[in-house]
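Below is one structure, written out as structure tokens, with a few remarks after it.
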Amino acid sequence: MKGMAERTDRIPLIVDVDTGIDDSVALLYLLARDDADVVAVLSTAGNVPTAQVAANNLAWLELCGRTDVEVAVGADGPLSTPLRTTEDTHGPQGVGYAVLPEPRLRPSERSAAEAWVALTRERPGELVGLVTGPLTNLALAIRLDPELPHRLRGLVVMGGAFDYPGNTTPVAEWNISVDPEAAAEVFAAFSDVPHERSPIVCGLNLTERIILTPEHVRRFAELAGSTPTESISADDRPGTRSTASNRVVRHVSDAVRFYFEFHRDHAQGFIAHLHDPFAAAVALDSTIARYRSATVDVETDGRITRGQTVADWHGLWGRSSNAQIAWETDEKAFLDDLITRLAGLARRIERQS
Ligand code: RIB
Ligand code: CA
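FYI, our numbering numbers position 297 of the sequence shown as 303, with every residue one higher than the one before it.
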């Protein structure tokens, strides 16, 4: 995708999420970006069940006045294994402590997989896919229409861990771990697209360096003109709710506080890894990171390695490369951009209310 510097066009996106806390921030970030045209938000089971993911998507979109965006519901679970969810990470509804207004709109009639197929057929070569959850629905779409990879302008996936520990098992990252078969099918399906349109994969090796802190939230609220000062402390009673005057600030603060507590309770500090917002930024402007090409495959049978993403950096398998693995970025520049954009969105929504 072209660098933002010369951006004149908007990037039309299919966004496939398992809305959770960082998916929520990613969605708001996209809605805050003038160069993002969110065409559809597809709901995949992962952090929470599909129906809850869809409800979260509808609620965030309605909060931001974007009732024009299609929300579709995906499969109830992985291709061939029982669904595991992670409410302990993202909260009972998947949005931390946030209590979002009940959405009035309903999801579209068609499934997430049907939406993938229809949209890429209607707009061949135009749409960028962004997947920040398990790859179940993209895999189902490719089963329906094997030519789909060739009709995407690009694909960015938040998932995997490359030469880096997993966060769900010692070697597997959550999105891949929920549905390894789907991930394996998707990576295989992209093995013969032109290299410059190989999927960009943002794995934990990079996304765990995107570290949100309470100071970022304070600055976000300040830039949004919200009062009082939004201070989240590790010493607060767990579950303390925000009193921010700005409702986007309030809901985001309530959501990420849960994430801060989760990371602290898992010895990672009172911080939050913003995996999905970073992948969203890459989908809009791939020049913000640097990449290494590899052939990626996914372990599906390993007794202790199931869900591991394996990168063949040196062509030892004799297979063409099918991925551009995000390897470096300017973390501070991304976080500054995120906070600024979110604050602009929060101000805009407040003015419109
Ligand atoms: O491993 C991190 C990923 O899993 C993120 O997308 C998070 O939202 C969860 O889906
Ligand atoms: Ca996610």
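Just so you know, even glycine gets a beta-carbon here, dropped at the ideal spot from N, CA and C.
Original post:
Could you give the residue range of the beta strand (DSSP E) that holds TYR103?
Top reply: As a working note, residue 103 is residue 97 in the sequence shown. From DSSP, TYR103 is part of no beta strand (DSSP E); its letter is neither H nor E.
Subject >> CB-CB length for VAL254 against LEU144, believed under 8 Å >> reply: Here the question's residue 254 lines up with position 248 in the sequence shown. Here the question's residue 144 lines up with position 138 in the sequence shown. Contact doesn't hold; Cβ gap of about 29 Å is too wide.
Subject >> Residue from ALA81, SER259, ARG112 whose Cα sits closest to the Cα of TRP68 >> reply: On the sequence shown, position 62 is the one that residue 68 refers to. Checking the sequence shown, residue 68 turns out to be Glu, not Trp. With distances taken between Cα atoms, GLU68 lies closest to ARG112.
**OP:** Let me know the secondary structure DSSP gives GLN330 once reduced to three states.
**Re:** Residue 330 sits at position 324 when you count from the first residue of the sequence shown. Strand, per DSSP.
**OP:** Would you decide whether LEU344 is buried or exposed? Buried here means 16 or more other CB atoms lie within 10 Å of its CB.
**Re:** Counting from 1 along the sequence shown, the entry for residue 344 is found at position 338. The residue is buried, with at least 16 neighbouring Cβ atoms inside 10 Å.
Original post:
Going by alpha carbons, who is nearest to THR138 out of SER86, THR50, ARG129, ILE217?
Top reply: Indexing the sequence shown from 1 puts residue 138 at position 132. Considering only alpha carbons, the answer is THR50.
**OP:** Give every residue of the same chain whose Cβ lies closer than 6 Å to the Cβ of LEU33, excluding the five residues on either side of it in the sequence, and list them in chain order.
**Re:** What you label residue 33 is simply residue 27 of the sequence shown in a count that begins at 1. For LEU33, where only same-chain residues beyond five positions count, the Cβ hits under 6 Å are TRP66.
Original post:
In the structure shown, what three-state DSSP assignment does PRO155 receive?
Top reply: As a first step, residue 155 must be located in the sequence shown, where it is residue number 149. The answer is helix: DSSP assigns PRO155 an H, G or I state.
Subject >> Beta-carbon contacts of PHE340 that lie in its chain and below 7 Å, excluding the five residues immediately before and after >> reply: Along the sequence shown, one-based indexing puts residue 340 at 334. Excluding positions up to five away in sequence, the list reads ILE216, PHE284, ALA287, ILE294.
**OP:** For ARG347, collect the residues of the same chain with a Cβ closer than 8 Å to its Cβ; drop the 5 residues on either side in sequence, then sort them by chain order.
**Re:** On the sequence shown, residue 347 is found 341 positions in, with the first residue counted as 1. Excluding positions up to five away in sequence, the list reads TYR35, ALA38, ARG39.
**OP:** Write down every uninterrupted run of the beta strand (DSSP E) in the region 12-78 whose length is 3 residues or greater and which is fully enclosed by it, in chain order.
**Re:** 17-23, 42-49
**OP:** For my contact list, VAL44 and LEU64 are in at a C-beta cut-off of 8 Å; report their separation, rounded to the angstrom.
**Re:** The sequence position of residue 44 within the sequence shown is 38, counting from 1. The sequence position of residue 64 within the sequence shown is 58, counting from 1. Between LEU64 and VAL44 the Cβ distance is about 13 Å, and since that is not below 8 Å, they are no contact.
Original post:
Between LEU146 and VAL21, which are expected to be in contact by the criterion C-beta below 8 Å, what is the C-beta distance as a whole number of angstroms?
Top reply: Position 140 of the sequence shown, counting from 1, holds the residue named residue 146. Position 15 of the sequence shown, counting from 1, holds the residue named residue 21. Actually they are not in contact, since the Cβ atoms of LEU146 and VAL21 sit about 17 Å apart, beyond 8 Å.
Subject >> LEU136 in three-state terms, based on DSSP >> reply: Counted from its first residue, the sequence shown places residue 136 at position 130. Of the three classes helix, strand and coil, the one that applies to LEU136 here is strand, per DSSP.
Original post:
Is the number of C-beta pairs between the region 164-177 and the region 203-211 that are closer than 8 Å three or more?
Top reply: yes
Original post:
Using 8 Å as the threshold, is the region 241-254 in touch with the region 86-99, meaning 3 or more CB pairs across them?
Top reply: no
Subject >> Three-way DSSP call (helix, strand, coil) for GLN358 in this model >> reply: On the sequence shown, position 352 is the one that residue 358 refers to. Three-state DSSP puts GLN358 in a helix.
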